[in-house]
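Residues in the sequence shown are numbered from 10 upward in steps of one, following our numbering.
We put the CB at the ideal spot given by N, CA and C, even for glycine.
Bear in mind the structure is a predicted one, so any value in this text is a computation, not a measurement.
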Amino acid sequence: MKTLVAYYTWQGHTGKVAKALAGRIGADLVQIEPERESGMVMKAMSAFLGRSAPIRPCKTDLSGVDFLVLASPVWAQKVPPYVNRYISLLSNTSGKPFSLLAEMGGRGAEKAIAHMRKHMEAKGMRFVSSAFTLEAEVDAGSFVPKIAEFAKTIIQE
Ligand SMILES: Cc1cc2nc3c(=O)[nH]c(=O)nc-3n(C[C@H](O)[C@H](O)[C@H](O)COP(=O)(O)O)c2cc1C
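Below, the structure is given as structure tokens:
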């Protein structure tokens with residue numbers, strides 16, 4: 010099974026979790042990179058409003074991919090505009106299973122996951138599982154057992 014872990018990270022936490030997960034399940038990694046990072050107020054505002062913003066070219070065509078994991082930080086209880094853009098650019102999505110990972114300071118992962126799920130299901134994709142990690146557990150390195158459990162739900166597919 011060819012699995013892709015796509016992630017956006019601004020301050021490194023989501024990247025750390027995404028890399029640990031990809032290593033565990035033998036997945037390829039794709040980093041979602043903005044064309045330019047906006048200021049803090051715009052970041053919060055555009056996430057809150059569910060906007061999208063330009064990203065650099067990266068793998069968005071899912072032909073040849075059997076499973077997609079999308080990992081995102083929680084911003085304003087939603088997701089960064091770059092993650093919204095990544096979802097909107099995904100192609101060959103019909104029937105593809107996906108899992109979601111949300112990384113946060115402390116509040117809003119459920120809403121962020123629901124937001125991503127809705128937009129990916131609208132592209133004909135099939136939700137499998139989700140998990141969240143906390144910034145503090147990533148800093149402490151104690152997120153690994155959570156990721157091990159999450160990895161099982163992907164490997165079992
Ligand atoms: C604009 C912005 C909005 C945020 N909103 C939330 C939020 O609603 N809930 C939360 O728990 N954390 C929030 N955070 C904190 C991030 O989710 C947290 O710092 C996360 O670890 C960042 O991941 P990264 O290091 O991969 O960028 C916000 C951070 C930013 C920059």
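Closest in alpha carbon position to S72, among H124, M10, R116 and Y16, is M10. Taking a C-beta distance under 7 Å as the contact criterion, R65 and E42 qualify as a contact pair. As the crow flies, the alpha-carbon of E46 is around 24 Å from that of R126. Counting of Cβ neighbours within 10 angstroms places E112 among the buried residues, the total reaching 16 or more.
The three-state secondary structure of R126, taken from DSSP, is helix.
According to the DSSP assignment, R33 belongs to the alpha helix (DSSP H) that extends over H22 to I34. R116 and E144 have their C-alpha atoms spaced approximately 11 Å apart. Restricting attention to Y16, L30, T12 and G21, the CA atom closest to the CA of P154 is found in L30. Taking C-beta separations shorter than 6 Å and ignoring five residues to either side along the sequence, the partners of F107 in its chain run L77, M129 and M134, following chain order. Within the chosen limit of 6 Å, ligand 1 does not reach the beta carbon of G133 with any heavy atom. Apart from the 5 residues on each side of it in sequence, K28 sits with its Cβ closer than 7 Å to the Cβ of L38 in its chain, given in chain order.
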